[in-house]
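Asks: The structure under discussion is supplied below as structure tokens; questions concerning it will follow.
Number of protein chains: 2
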Amino acid sequence: MAARLLDGAGLARTMRADLQPHVHEFTARVGRPPGLALVLVGDDPASHVYVGSKRTHGTEVGFRVDLHQRPATTSLEEVLDLVRSLNADPAIDGILVQSPLPAAMGSDAARRVFETIDPAKDVDGFTAENVGRLVQNREGLVACTPAGIIEMMEREGLTIAGTRAVVIGRSDIVGKPMALLLLHRHATVTIAHSKTPDLPAVCREADILVAAIGRAGFVTADFVKPGAVVIDVGMNRVTDEADVVRFFGEGSKRHLAWQQRGSVLMGDVHPRVEEVAGALTPVPGGVGPLTIAMLMKNTLTAALRRQSL
Amino acid sequence: MAARLLDGAGLARTMRADLQPHVHEFTARVGRPPGLALVLVGDDPASHVYVGSKRTHGTEVGFRVDLHQRPATTSLEEVLDLVRSLNADPAIDGILVQSPLPAAMGSDAARRVFETIDPAKDVDGFTAENVGRLVQNREGLVACTPAGIIEMMEREGLTIAGTRAVVIGRSDIVGKPMALLLLHRHATVTIAHSKTPDLPAVCREADILVAAIGRAGFVTADFVKPGAVVIDVGMNRVTDEADVVRFFGEGSKRHLAWQQRGSVLMGDVHPRVEEVAGALTPVPGGVGPLTIAMLMKNTLTAALRRQSL
Chain A
834 MAARLLDGAG
844 LARTMRADLQ
854 PHVHEFTARV
864 GRPPGLALVL
874 VGDDPASHVY
884 VGSKRTHGTE
894 VGFRVDLHQR
904 PATTSLEEVL
914 DLVRSLNADP
924 AIDGILVQSP
934 LPAAMGSDAA
944 RRVFETIDPA
954 KDVDGFTAEN
964 VGRLVQNREG
974 LVACTPAGII
984 EMMEREGLTI
994 AGTRAVVIGR
1004 SDIVGKPMAL
1014 LLLHRHATVT
1024 IAHSKTPDLP
1034 AVCREADILV
1044 AAIGRAGFVT
1054 ADFVKPGAVV
1064 IDVGMNRVTD
1074 EADVVRFFGE
1084 GSKRHLAWQQ
1094 RGSVLMGDVH
1104 PRVEEVAGAL
1114 TPVPGGVGPL
1124 TIAMLMKNTL
1134 TAALRRQSL
Chain B
834 MAARLLDGAG
844 LARTMRADLQ
854 PHVHEFTARV
864 GRPPGLALVL
874 VGDDPASHVY
884 VGSKRTHGTE
894 VGFRVDLHQR
904 PATTSLEEVL
914 DLVRSLNADP
924 AIDGILVQSP
934 LPAAMGSDAA
944 RRVFETIDPA
954 KDVDGFTAEN
964 VGRLVQNREG
974 LVACTPAGII
984 EMMEREGLTI
994 AGTRAVVIGR
1004 SDIVGKPMAL
1014 LLLHRHATVT
1024 IAHSKTPDLP
1034 AVCREADILV
1044 AAIGRAGFVT
1054 ADFVKPGAVV
1064 IDVGMNRVTD
1074 EADVVRFFGE
1084 GSKRHLAWQQ
1094 RGSVLMGDVH
1104 PRVEEVAGAL
1114 TPVPGGVGPL
1124 TIAMLMKNTL
1134 TAALRRQSL
């Protein structure tokens, strides 16, 4: 039996539609719309696509969205100054600095920039203050990808309490916050990673399996307990035709797409997991749109809290 | 075969002895000793014992220890003012406010007091800033009990990387930071709790089992994989003679102790686990002394960082 596909794109549309009346009410009461500042430094093509999408969706839900674009030659100090001025701007409720920053800024640049963002405007949930509040299950702003996954699971009526959940990957922006959010909803949570012995066996314990590793098709059917909910956070570009054929089959839709574009996008979860899982997020169209919808929700949340509404 | 008993009290003595030359060097270079401020509000007898022990050990390693004792009638605002003055005092490197605060201060009092402590002086590691830094595996101050357990495991040569660890209990001050510390040392970590189905089976997966629940003798032999390392964070007072006899046997040392004092202390781990585990921390004399030794180490660390040493 094929897994139920969780329509992240559709849910994201619903989430944005649900936000709109609240955004209009905020604008009417406060006399200005919620303000979201997007900071984009350098020429990374994927970053331009992401920021463009955030801008479009933000504008659609009724925010004021300011895009601050800077060349790759910008100094770290200039970015920090920009963030400080956005912190001080009363019409800005959310600040998002798109990663990655240009390598020339140094390996610690992103961390220094994130830590300069006022935690009350930190709509990515990346500051230590917001991460600590998440651990302590207190009011704060939570990283958009894991928060979006929880929102989807709750809207889809998927049970979290009392389940066993396994999160593969221990990044600061997905794996660790995901584990904490599931824990606070009373799952028994295991965090697995590259050093986990017999990873497939550990993953087969999971009623909820979250894959956030960044390796195309890594999670094969033998990782999955029959009927489990599988959340695929990966977004990998596959360029080798042999890989595309191996994953999706000769003459498949993805194979045809590869023939047209020379690459296809796929998640960390192997296509055949669909035959084992109970529910599954597709890639693309699963977690990605939820992440951006959650950014909109975080921005509204930040705006409301800053007005004590 | 009986488990090897991990001598927390002995290790704590070694840790303190290791600190002493660094404390003397700090004092010589900076012209004053590291300063630790202990704040004790109200009449809780256990709190008086704990604070007394922290004061004694701090003085022994060469700190200046200031005890700020206040009556149970003190207002929250007075405690916050005291903390603010300690934040501003350049001779104070570490601030510890003993929990619990008097109930009359309100349920949110401890949280408000902890958040007022300068994160650079937060030697308990309770502020959101320090908790967030722990998640992000960055320099900060880490809660003393889990940090002390890691210190013990490393000094005892117990392997963490590549193991499966299960932490029972998800408190902010033990369970969650413990899980993060083990994760960062490459264990595959599961956080289990009261809502975990078939808890004994989950715990039997563990090479390292940390019990931090607060229920006397709850972790029985059937929770433990033979040879596992079992860390007992519990410290429970048992007053019922029938319980003492059931746990330790008629005429046992603890039973005799109960006959003299009317109660005995014991951990979350049942005495018979000693027959199954590979290594085990006793209660008392295991995790407790390590916690206080770690407080000393955190205070020295805070003092050195504040001087950029």
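If you read the protein sequences in the order shown, they are chains A and B.
So for the first sequence, the numbering used here puts the first residue at 834; every next one is plus one.
So for the second sequence, the numbering used here puts the first residue at 834; every next one is plus one.
Glycine included, every Cβ here is placed at the ideal spot set by N, Cα and C.
Output needed for Pro1122 of chain A: all residues of its chain with C-beta closer than 6 angstroms, excluding positions within five of it in sequence on either side, in chain order.
Replies: Here residue 1122 of chain A is taken as the residue at index 289 of the first sequence, counted from 1. Once the five neighbours on either side are set aside, the close Cβ partners of Pro1122 of chain A are Gly841, Ala842 and Ala845.
Asks: I'd like to know whether the C-beta of Glu920 of chain B is nearer than 8 angstroms to at least one C-beta of chain A.
Replies: The residue labelled residue 920 of chain B in the question sits at position 87 within the second sequence. Sequence inspection shows Asn at residue 920 of chain B; the Glu mentioned does not correspond to that position. No, Asn920 of chain B lies away from the interface with chain A (no Cβ there is under 8 angstroms from its Cβ).
Asks: With 16 as the cutoff for other CB atoms within 10 Å, does Asp851 of chain B come out buried or exposed?
Replies: Within the second sequence, the letter at position 18 stands for residue 851 of chain B. The residue is exposed, with fewer than 16 neighbouring Cβ atoms inside 10 Å.
Asks: Is the beta carbon of Pro1010 of chain A less than 8 angstroms from the beta carbon of Val975 of chain A?
Replies: Taking the first residue of the first sequence as 1, we reach residue 1010 of chain A at position 177. Taking the first residue of the first sequence as 1, we reach residue 975 of chain A at position 142. Contact: yes.
Asks: Just to check my reading of the structure: Val968 of chain A and Val1022 of chain B have Cβ atoms closer than 8 angstroms, yes? What is that Cβ distance to the nearest angstrom?
Replies: Along the first sequence, read from residue 1 onward, the residue named residue 968 of chain A stands at position 135. Along the second sequence, read from residue 1 onward, the residue named residue 1022 of chain B stands at position 189. At roughly 14 angstroms, the Cβ-Cβ gap does not stay under 8 angstroms, so Val968 of chain A and Val1022 of chain B are not in contact.
Asks: Which of the three DSSP states is assigned to Ile1064 of chain B in this structure?
Replies: The sequence position of residue 1064 of chain B within the second sequence is 231, counting from 1. Strand.
Asks: According to a CB-to-CB cut-off of less than 9 angstroms, which residues of the segment 1016-1028 of chain B neighbour chain A?
Replies: Answer in chain order: Leu1016, His1017, His1019, Ala1020, Thr1021, Val1022, Thr1023, Ile1024, Ala1025, His1026, Ser1027 and Lys1028.
Asks: With 16 other CB atoms within 10 Å as the buried threshold, where does Gln931 of chain A fall?
Replies: Residue 931 of chain A sits at position 98 when you count from the first residue of the first sequence. Flag for Gln931 of chain A reads buried.
Asks: So Ala1020 of chain B and Ala994 of chain B are supposed to be a Cβ contact under 8 angstroms. How far apart are they, rounded?
Replies: Stepping through the second sequence from its first residue, residue 1020 of chain B is reached at position 187. Stepping through the second sequence from its first residue, residue 994 of chain B is reached at position 161. Correct: roughly 7 angstroms between the Cβ atoms.
Asks: When Cβ atoms are compared, which residues of the segment 1028-1039 of chain B fall closer than 9 angstroms to chain A?
Replies: Under the 9 angstroms Cβ criterion, the segment 1028-1039 of chain B contributes Lys1028, Thr1029, Pro1030, Leu1032, Val1035 and Glu1038.
Asks: Report yes or no: do the segment 921-931 of chain A and the segment 914-934 of chain B share at least 3 C-beta pairs separated by less than 8 angstroms?
Replies: Flag = no, the segment 921-931 of chain A and the segment 914-934 of chain B do not touch.
Asks: Given that Ala961 of chain A touches chain B, what residues does it touch there, using C-beta distances under 7 angstroms?
Replies: Taking the first sequence and counting its residues from 1, one reaches residue 961 of chain A at position 128. Within 7 angstroms Cβ-Cβ: Glu962, Gly965, Arg966 and Gln969.
Asks: Quick test of the definition: if touching needs 3 or more C-beta pairs under 8 angstroms, does the segment 1070-1085 of chain A touch the segment 939-949 of chain A?
Replies: No contact exists between the segment 1070-1085 of chain A and the segment 939-949 of chain A.
Asks: Out of B:Pro1033, B:Gly958 and B:Thr992, which one is the CA nearest neighbour of Ala1135 of chain B?
Replies: Position 302 of the second sequence, counting from 1, holds the residue named residue 1135 of chain B. Of the candidates B:Pro1033, B:Gly958 and B:Thr992, the one whose C-alpha sits nearest the C-alpha of Ala1135 of chain B is B:Gly958.
Asks: Can we say the segment 1053-1064 of chain B touches the segment 1026-1040 of chain B, given the rule of at least three CB pairs closer than 8 angstroms?
Replies: At 8 angstroms Cβ cutoff, the stretches touch.
Asks: Return the Cβ separation of Val912 of chain A and Arg903 of chain A in integer angstroms, given the expectation that the two are a contact with Cβ distance under 8 angstroms.
Replies: For the purposes of this step, residue 912 of chain A is taken as residue 79 along the first sequence, with counting starting at 1. For the purposes of this step, residue 903 of chain A is taken as residue 70 along the first sequence, with counting starting at 1. The pair is a contact, with the Cβ atoms about 7 angstroms apart (cut-off 8 angstroms).
Asks: Could you name the residues that DSSP lists as bridge partners for Ala998 of chain A?
Replies: Locating residue 998 of chain A in the first sequence gives position 165, where the first residue counts as 1. A:Val1022 and A:Ile1041, per the DSSP bridge assignment.
Asks: Who pairs with Ile928 of chain B in a beta bridge, going by DSSP?
Replies: As a position in the second sequence, residue 928 of chain B is number 95, starting the count at 1. DSSP output for Ile928 of chain B lists B:Ala870 as bridge partner(s).
Asks: Just mark Val1120 of chain B as buried or exposed, buried being the case when its beta carbon has 16 or more other beta carbons within 10 Å.
Replies: Here residue 1120 of chain B is taken as the residue at index 287 of the second sequence, counted from 1. Buried, by the Cβ-count rule.
Asks: Between Ala953 of chain B and chain A, is the shortest Cβ-Cβ distance under 8 angstroms, so that the two count as touching?
Replies: Taking the first residue of the second sequence as position 1, residue 953 of chain B is located at position 120. Not one chain A Cβ lies under 8 angstroms of Ala953 of chain B.
Asks: Sort B:Ser908, B:Phe947 and B:Gly965 by Cα distance to Ala937 of chain B and report the nearest one.
Replies: Counting from one through the second sequence, the residue named residue 937 of chain B turns up at place 104. That would be B:Ser908, whose Cα lies nearest to the Cα of Ala937 of chain B.
Asks: Within a Cβ cutoff of 6 angstroms, which residues of the same chain sit near Asn963 of chain B, ignoring the five residues on either side of it in sequence?
Replies: Position 130 of the second sequence, counted from the first residue, corresponds to residue 963 of chain B. Within the same chain, Asn963 of chain B has close Cβ partners Pro952, Asp955, Gly973 and Leu974.
Asks: Within 10 angstroms of its Cβ, does Asp1005 of chain B collect 16 or more other Cβ (buried), or is it exposed?
Replies: In the second sequence, the residue the question calls residue 1005 of chain B occupies position 172. The residue is buried, with at least 16 neighbouring Cβ atoms inside 10 Å.
Asks: Can you tell me which of B:Ser1141, B:Ile1001, B:Met1127 and B:Leu1142 puts its alpha carbon nearest to the alpha carbon of Thr847 of chain B?
Replies: Walking along the second sequence from the start, residue 847 of chain B turns up at place 14. Of B:Ser1141, B:Ile1001, B:Met1127 and B:Leu1142, the residue nearest in Cα terms is B:Met1127.
Asks: Work out the CA separation of Ile1125 of chain B and Gly1067 of chain B for me, nearest whole Å.
Replies: Mapped onto the second sequence, residue 1067 of chain B falls at position 234. Mapped onto the second sequence, residue 1125 of chain B falls at position 292. Their Cα atoms are separated by approximately 15 angstroms.
Asks: Please identify the residue among B:Thr1072, B:Phe859 and B:Arg849 whose C-alpha is closest to the C-alpha of Ala1049 of chain B.
Replies: If you number the second sequence from 1, residue 1049 of chain B lands on position 216. For Ala1049 of chain B, the nearest C-alpha among the options comes from B:Thr1072.
Asks: For Gln902 of chain A, write down the residues that DSSP places opposite it in a beta bridge.
Replies: Within the first sequence, numbered from 1, the residue matching residue 902 of chain A stands at position 69. Answer is A:Leu873, bridged to Gln902 of chain A.
Asks: For my contact list, Thr1132 of chain B and Phe896 of chain B are in at a C-beta cut-off of 8 angstroms; report their separation, rounded to the angstrom.
Replies: Here the question's residue 1132 of chain B lines up with position 299 in the second sequence. Here the question's residue 896 of chain B lines up with position 63 in the second sequence. Confirmed, about 6 angstroms.
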